[in-house]
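Just so we're aligned: 215 in full-length UniProt numbering is position 215 of the sequence shown, and the numbers increase by one with no gaps anywhere.
Ideal Cβ placement from N, Cα and C applies to all residues, glycine included.
Quantities reported herein were computed from a predicted structural model and do not represent experimental measurements.
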Amino acid sequence: MTTAIVAIFVFGLLVFFHELGHFAVAKFVGIKVYEFAIGMGPKVVHISKAETLYSIRALPIGGFVRMEGEDEESSTENSFSQKTVKERISVILAGPLMNFILGFLCFFLIFLSIGVPSTQISEVVKDSPAYNAGIQSDDRVQQIQGNQITSWEQLVDKITTSEGEVMVLEVIRNDEKLYFEVVPEIDVNTGRAMIGIIPGSEISFSGALVNSYHQTIFIFTEILNFLQQLIRGQADTANVAGPVGIISLVGEASRSGWIDVVGLAGLISINLGIMNLLPIPALDGSRIIFLLLEGIRGKPINPEKEALVHMIGITLLMMLMIMITYKDILMFF
């Protein structure tokens with residue numbers, strides 16, 4: 001029961017942010033929005049405000065923003081079809097962009113709660129270069145080779161680029177400056193220079209911002225690399241999960257604690273944003289492609305032809321989803 005509730009909340013949050021992006025930019029450029037819906041099927045809760053109906057629907061799968069002139073011909077000034085190509089692209093692009101923002105916010109919340117790696121040492125590995133030099137836990141690294149160190153990332157960068165040469169570390173211990181000569185060792189597994197120290201953590205707003213940005217970029221890059229390998233036929237698809245698999249992952253995360261749930265939500269949100277930008281019919285990416293073609297040609301693509309392409313895309317996506325879901329279910333047997 002807990003797994004289902006957490007999964008519905010996570011999926012709902014992802015959909016809400018995605019559709020909020022479409023909705024907010026549509027309103028900003030003057031498009032009339034008839035409905036902002038989370039979920040599909042019959043309405044469970046709904047409220048009307050001004051010209052828009054806000055609703056939560058029975059089936060926690062997807063959502064939509066219903067705009068004037070999006071799927072039908074409309075000559076009114078406040079319709080989607082009457083806006084410039086640039087404005088329409090911005091409306092469509094805003095959904096995936098909000099997924100990236102949500103992913104960043106999830107990681108920011110985590111780093112703001114648990115802290116970020118600091119230049120204060122929490123542990124020194126026994127018999128490591130740092131240990132043999134006399135460095136101790138709770139020492140704070142102030143300088144390396146006379147260069148001021150203000151972050152763990154800086155510290156790691158200085159060590160890994162040292163190429164195993166002697167380094168002079170200035171540390172603060174009990175308000176006293178101490179200096180140690182350390183010769184980094186090359187790790188046989190990674191090929192990187194290391195001195196054997198483990199960072200402590202500190203609560204830092206700016207540090208949380210920086211680490212959240214790096215984490216978002218890292219995940220973004222990893223997903224793109226996977227897609228590239230998938231196209232080349234080199235990707236391991238054994239761990240590709242559909243809705244059932246994701247619900248299972250959310251359940252595991254919920255048993256570990258809220259931090260794992262938020263981290264997983266951030267990962268899924270970034271993944272959702274990227275997937276939506278792929279030029280696959282029926283997804284935001286393909287709609288952007290059609291609009292770019294309209295901008296190049298100076299006239300829109302035939303609506304019937306575009307609708308047919310999107311219908312084929314929806315059919316193929318549904319077939320793919322059924323196959324992945326079937327694979328997910330087989331994992332439980």
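query                                                                                                                             : result
Pair within 9 Å by beta-carbon distance, residue 12 and residue 60                                                                : yes
Backbone CA spacing between residue 69 and residue 98 [nearest angstrom]                                                          : 23 Å
Start-end ranges of the beta strand (DSSP E) lying completely within the region 22-46, minimum 3 residues                         : none
Terminal residues of the alpha helix (DSSP H) in which residue 192 lies                                                           : Premise fails: residue 192 is in no alpha helix (DSSP H) and is neither H nor E.
Beta carbon of residue 141 nearer than 9 Å to that of residue 119                                                                 : yes
Candidates 172, 123, 127 and 77, of which the one nearest residue 144 by Cα                                                       : 172
Paired residues, beta bridge with residue 158 - DSSP                                                                              : DSSP, once it has assigned bridges, lists no residue as partnering residue 158.
Alpha-carbon spacing of residue 29 relative to residue 136, whole angstroms                                                       : 59 Å
Run of the beta strand (DSSP E) containing residue 121, from where it starts to where it stops                                    : 116-124
Where residue 208 sits in the DSSP three-state scheme                                                                             : helix
Beta-carbon contacts of residue 263 that lie in its chain and below 8 Å, excluding the five residues immediately before and after : 106, 107, 110 and 253
Rounded separation between residue 215 and residue 176 - CA only                                                                  : 35 Å
Cut-off 8 Å between Cβ atoms - residues of its own chain near residue 292, not counting five sequence neighbours on either side   : 85 and 89
Identity of the residue in 65, 26 and 317 nearest residue 19 by Cα                                                                : 65
Presumed contact (8 Å Cβ cut-off) between residue 197 and residue 184, rounded CB distance                                        : About 11 Å separates the two Cβ atoms, so there is no contact after all.
Three-way DSSP call (helix, strand, coil) for residue 142 in this model                                                           : strand
Where residue 148 sits in the DSSP three-state scheme                                                                             : strand
For residue 52, the three-state DSSP class (helix, strand or coil)                                                                : strand
Residue 96 vs residue 302 beta-carbon contact at 9 Å                                                                              : no
As assigned by DSSP and simplified to three states, the class of residue 59                                                       : strand
C-beta atoms of residue 38 and residue 15 nearer than 9 Å                                                                         : yes
Residue 177 - partner residues in DSSP beta bridges                                                                               : 172
Short CB-CB distance (under 9 Å) between residue 43 and chain C                                                                   : Any reference to chain C falls outside this structure, which holds one protein chain only.
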